[in-house]
Amino acid sequence: FIDDIVATEVMDSRGNPTVKATVSLSDGTVESAIVPSGASTGKREALELRDGGDRYMGKGVLQACDNVNGAINDTLVGLSPFNQAEIDLIMKELDGTNNYANLGANAVLGVSMAVARAAASSLKMPLYRYLGGANAVTMPVPMLNIINGGEHANNSVDFQEYMVMPIGFDRFSEGLRAVSEVYHHLKKIIDEMGESTAVGDEGGFAPNLKSNEEPIQVIMKAIEKAGYVPGEQIAIALDVAASEIMNDTGKYVLSSENRELTSSELIAYYADMCEKYPIVSLEDGLGEDDWEGWKELTEVLGNKVQLVGDDLFVTNVAILAEGIERDIANSILIKPNQIGTVSETMQTVRLAQRSGYTCVMSHRSGESEDTFIADFAVALNTGEIKTGSTARSDRIAKYNRLLAIEAELGQFEYLGSSLFSK
Ligand code: PGA
Ligand code: ZN
Numbered sequence: 003f004i005d006d007i008v009a010t011e012v013m014d015s016r017g018n019p020t021v022k023a024t025v026s027l028s029d030g031t032v033e034s035a036i037v038p039s040g041a042s043t044g045k046r047e048a049l050e051l052r053d054g055g056d057r058y059m060g061k062g063v064l065q066a067c068d069n070v071n072g073a074i075n076d077t078l079v080g081l082s083p084f085n086q087a088e089i090d091l092i093m094k095e096l097d098g099t100n101n102y103a104n105l106g107a108n109a110v111l112g113v114s115m116a117v118a119r120a121a122a123s124s125l126k127m128p129l130y131r132y133l134g135g136a137n138a139v140t141m142p143v144p145m146l147n148i149i150n151g152g153e154h155a156n157n158s159v160d161f162q163e164y165m166v167m168p169i170g171f172d173r174f175s176e177g178l179r180a181v182s183e184v185y186h187h188l189k190k191i192i193d194e195m196g197e198s199t200a201v202g203d204e205g206g207f208a209p210n211l212k213s214n215e216e217p218i219q220v221i222m223k224a225i226e227k228a229g230y231v232p233g234e235q236i237a238i239a240l241d242v243a244a245s246e247i248m249n250d251t252g253k254y255v256l257s258s259e260n261r262e263l264t265s266s267e268l269i270a271y272y273a274d275m276c277e278k279y280p281i282v283s284l285e286d287g288l289g290e291d292d293w294e295g296w297k298e299l300t301e302v303l304g305n306k307v308q309l310v311g312d313d314l315f316v317t318n319v320a321i322l323a324e325g326i327e328r329d330i331a332n333s334i335l336i337k338p339n340q341i342g343t344v345s346e347t348m349q350t351v352r353l354a355q356r357s358g359y360t361c362v363m364s365h366r367s368g369e370s371e372d373t374f375i376a377d378f379a380v381a382l383n384t385g386e387i388k389t390g391s392t393a394r395s396d397r398i399a400k401y402n403r404l405l406a407i408e409a410e411l412g413q414f415e416y417l418g419s420s421l422f423s424k
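For the record, in the sequence shown the residue sitting at position 157 is 159 according to full-length UniProt numbering, with numbers rising by one throughout.
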């Protein structure tokens, strides 16, 4: 049974405080988890509790830790760690709101993840095996963010993430090697252009380029220089994070190009890009409230391109259900801290998978050494994971964990381009 739960304040990859929860079981098992944090957050995400005031620029999480050490600990001590859904439901009821406004989703998620880890460890099972059972067999294709813009860097690029996906390989480790080679070639190319090779929050480069298309051209060059065939072996994925570039009048502002576009114009812009380049996935192409635009985007590109809802769905099963009902998007980004618990995250993935929507497991821009999402991606057979570039230890920790899982599994699936064959 759960013997004790303790939370402490630690730091994330941006130097902001976050919650680390540690669960001790009566059999002596002790396991911890660290909660991530976003910068370009969706409006309907679960609440991240911050202390306010002067300490850590208002970002302290001492109250969230107190909620773990007090109310959550009092309620969960004595219970079995092996019924994750029940543990998570008890915390939801204890909070009493639908977005964890009282306890904080950062408090609740830390405990939820640490309970799962402790349960796995107590059974001497790897986390992916405990969470996914014998069905945990799919090594995810990484979506590797190699050029950062938007809210994640202070360069001129409007779109938030330019990613590469190794789709023409038969295993994760080979795919990772290929995209890492592309990353190194990209660094050389950017250096030769006289641009900075400093990196943004997720380890991608953040050069000042003249348009939102130029990063794609530079990446295409890097893929070729590395000796790979664009589109066949390595494809391109974008996360526009379009809610962040919308102005008061509902137009999308492309500052680097000095243009303001309507939804329809932006959709045409994407359609043109998808004609010219091997783009297989487009995330948050339109704003989270622009459901009319999303409908049109799905009609125009939905049978050619994976259209991922991140800020749009915020890993929320009810919002996803509405999207499915209205034929909006065809894929969902999965971020446990958007919804608050391990079980609720799994529920959203089940609905997506039943409904023919693909799932992309995802980190946040503020991360840590915690590798929960690597195991979680394998456990839930999401087939895809987005966890930054091949730089910065907070990102690399997930890739290194996946390398270890692939070696341990021996028999596994790596879906590659079949993810996108319709
Ligand atoms: P965030 O960004 O973690 O800052 O929200 C990640 C994303 O938009 O996918
Ligand atoms: Zn996103």
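Idealized CB from N, CA, C, for every residue including glycine.
Problem set entry | Minimum Cβ-Cβ distance from Val113 to chain C less than 8 Å | Of the chains in the structure shown, none is chain C; there is only one protein chain.
Exercise. Say the cut is 7 Å; is the CB of Thr20 nearer than that to a heavy atom of the ligand PGA?
Worked result: Mapped onto the sequence shown, residue 20 falls at position 18. Answer for Thr20: no, Cβ out of range of the ligand PGA.
Problem set entry | heavy atom of the ligand ZN below 7 Å from Leu288 C-beta | As a working note, residue 288 is residue 286 in the sequence shown. No, since every heavy atom of the ligand ZN falls outside the 7 Å radius drawn around the Cβ of Leu288.
Problem set entry | Pairwise C-alpha distance: Ala35 and Glu410 | Looking up residue 410 in the sequence shown gives position 408. Looking up residue 35 in the sequence shown gives position 33. Looking at the two C-alpha atoms, the distance is approximately 22 Å.
Problem set entry | Touch test, the segment 285-300 against the segment 243-257, Cβ-Cβ under 8 Å, three pairs minimum | The segment 285-300 and the segment 243-257 touch, with no fewer than 3 CB-CB distances between them shorter than 8 Å.
For this session: Decide if the segment 61-79 is in contact with the segment 155-172; the criterion is three or more beta carbon pairs, one per stretch, under 8 Å apart.
Result: No, the segment 61-79 is not in contact with the segment 155-172.
Problem set entry | Continuous alpha helix (DSSP H) stretch holding Ala107: start and end | On the sequence shown, residue 107 is found 105 positions in, with the first residue counted as 1. According to the DSSP assignment, Ala107 belongs to the alpha helix (DSSP H) that extends over 107-124.
Problem set entry | 8 Å contact criterion, which Asn318 and Ile341 should meet: CB distance rounded | As a position in the sequence shown, residue 318 is number 316, starting the count at 1. As a position in the sequence shown, residue 341 is number 339, starting the count at 1. Sure, about 6 Å apart at Cβ, within 8 Å.
Problem set entry | For Asp68 and His186, the rounded distance between their alpha carbons | In the sequence shown, counting from the first residue as 1, residue 186 sits at position 184. In the sequence shown, counting from the first residue as 1, residue 68 sits at position 66. Distance between the alpha carbons of His186 and Asp68 is about 44 Å.
For this session: Note down, one range per segment and in chain order, each alpha helix (DSSP H) of at least 4 residues found wholly within the segment 18-69.
Result: With a minimum length of 4 residues, the continuous alpha helix (DSSP H) runs that stay inside the segment 18-69 are 64-69.
For this session: List the DSSP bridge partners of Tyr254.
Result: Locating residue 254 in the sequence shown gives position 252, counting from the first residue. According to DSSP, Tyr254 bridges with Met248, Leu263.
Problem set entry | Where Gln308 falls: helix, strand or coil (DSSP) | Working through the sequence shown from its first residue, we reach residue 308 at position 306. Note: Gln308 maps to strand in three-state DSSP.
For this session: Counting only the same chain and skipping the five closest in sequence on each side, list residues whose C-beta sits under 7 Å from that of Lys212.
Result: Looking up residue 212 in the sequence shown gives position 210. Residues of the same chain with a CB within less than 7 Å of the CB of Lys212, apart from the 5 flanking positions on each side, are Ser258 in chain order.
Exercise. DSSP state of Thr343, grouped into three classes?
Worked result: One-based indexing of the sequence shown puts residue 343 at position 341. Residue state for Thr343 is assigned as coil, using DSSP reduced to three classes.
Exercise. Within 7 Å: the Cβ of residue 1 and any heavy atom of the ligand ZN?
Worked result: With the chain represented from 3 up to 424, any question about residue 1 goes unanswered, as that position is not in the structure.
Problem set entry | Contact belief for Val70 with Ala23 at Cβ below 8 Å, rounded distance in angstroms | The count along the sequence shown starts at 1 and reaches residue 70 at position 68. The count along the sequence shown starts at 1 and reaches residue 23 at position 21. The pair is a contact, with the Cβ atoms about 6 Å apart (cut-off 8 Å).
For this session: Report the three-state DSSP secondary structure of Lys94 (helix, strand or coil).
Result: As a first step, residue 94 must be located in the sequence shown, where it is residue number 92. For Lys94, the secondary structure class from DSSP, reduced to helix, strand or coil, is helix.
Exercise. Considering only residues of the same chain and omitting the five flanking positions on each side of Ala87, which have a CB-CB separation below 8 Å?
Worked result: Within the sequence shown, the letter at position 85 stands for residue 87. Cβ neighbours of Ala87 beyond the five flanking positions: Ser345.
Problem set entry | Contact between the segment 125-142 and the segment 248-256 (3+ Cβ pairs under 8 Å) | Contact between the segment 125-142 and the segment 248-256 is absent: fewer than three C-beta pairs spanning the two stretches fall below 8 Å.
For this session: Let me know if Leu125 comes out buried or exposed under the rule of 16 or more other beta-carbons within 10 Å of its beta-carbon.
Result: Start at 1 with the first residue of the sequence shown, and residue 125 comes out as number 123. Its Cβ having fewer than 16 others within 10 Å, Leu125 is exposed.
Problem set entry | For Cys276: DSSP bridge partner residues | In the sequence shown, residue 276 corresponds to position 274, counting from 1. Beta-bridge pairing by DSSP links Cys276 to no other residue.
Exercise. Just to confirm, does Glu285 get its C-beta within under 7 Å of one of the non-hydrogen atoms of the ligand ZN?
Worked result: As a first step, residue 285 must be located in the sequence shown, where it is residue number 283. Yes - the ligand ZN has a heavy atom lying nearer than 7 Å to the Cβ of Glu285.
Exercise. Taking the C-alpha atoms as reference points, what is the distance between Gly418 and Gly170?
Worked result: Here the question's residue 418 lines up with position 416 in the sequence shown. Here the question's residue 170 lines up with position 168 in the sequence shown. Straight-line Cα distance between these residues: approximately 6 Å.
Problem set entry | beta-carbon Asp241 near the ligand ZN non-hydrogen atom, thresh 7 Å | Start at 1 with the first residue of the sequence shown, and residue 241 comes out as number 239. The ligand ZN has a heavy atom closer than 7 Å to the beta-carbon of Asp241.
Problem set entry | Rounded separation between Ile192 and Arg328 - CA only | Reading the sequence shown from its first residue, position 190 is the one you call residue 192. Reading the sequence shown from its first residue, position 326 is the one you call residue 328. Approximately 42 Å between the Cα atoms of the pair.
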